[in-house]
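Structure record follows, encoded as structure tokens.
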Amino acid sequence: MTTTDLIEVLGALLILAAFAGGQLRRMDPHSVRYLLLNTVGAGILAVLAAAERSWGFLLLEGTWTIVSVISLAQALRRRPDHPSEAG
47 MTTTDLIEVL
57 GALLILAAFA
67 GGQLRRMDPH
77 SVRYLLLNTV
87 GAGILAVLAA
97 AERSWGFLLL
107 EGTWTIVSVI
117 SLAQALRRRP
127 DHPSEAG
């Protein structure tokens, strides 16, 4: 395996970890952790797709990244600044 292959597998594993966590109800799909896993994983795969000029894969992963970034920003805005203020 090349370094690029390992990075690609890492990106896929991050997305799959979020997916499995959500499906098994171990992770809230609106949580920062879930969205961060998706953002980083899809971002990695989007960059690799762009480098390889794999346009369909870039469309998929680029869109996944953009949607995840928007959702992550919304989730971070919903978080209280200080844990003592929650509730």
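Using the working numbering, you'd call the opening residue of the sequence shown number 47 and step up by one each time. Where is the CB? At the ideal position from N, CA and C, for every residue including glycine. The structure presented is a predicted model; accordingly, all values stated were derived computationally and were not measured.
For residue i, the three-state DSSP class (helix, strand or coil)
i	result
threonine 111	helix
serine 77	coil
threonine 49	helix
threonine 99	Before going on, a small fix: residue 99 reads as arginine here, not threonine. Coil at arginine 99, not helix or strand.
arginine 123	helix
C-beta atoms of residue i and residue j nearer than 8 Å
i	j	result
arginine 125	valine 78	yes
alanine 64	leucine 83	yes
Buried or exposed (CB count within 10 angstroms, at least 16 for buried), residue i
i	result
glutamate 107	buried
isoleucine 140	Look at the range of the chain in this structure, 47 to 133, and you will see that residue 140 is not part of it.
leucine 59	exposed
leucine 104	buried
Range covered by the alpha helix (DSSP H) that runs through residue i
i	result
arginine 71	Segment: none, arginine 71 is in no alpha helix (DSSP H) and carries neither H nor E.
Neighbour flag for residue i against chain D, beta carbons, 8 Å
i	result
alanine 58	Any reference to chain D falls outside this structure, which holds one protein chain only.
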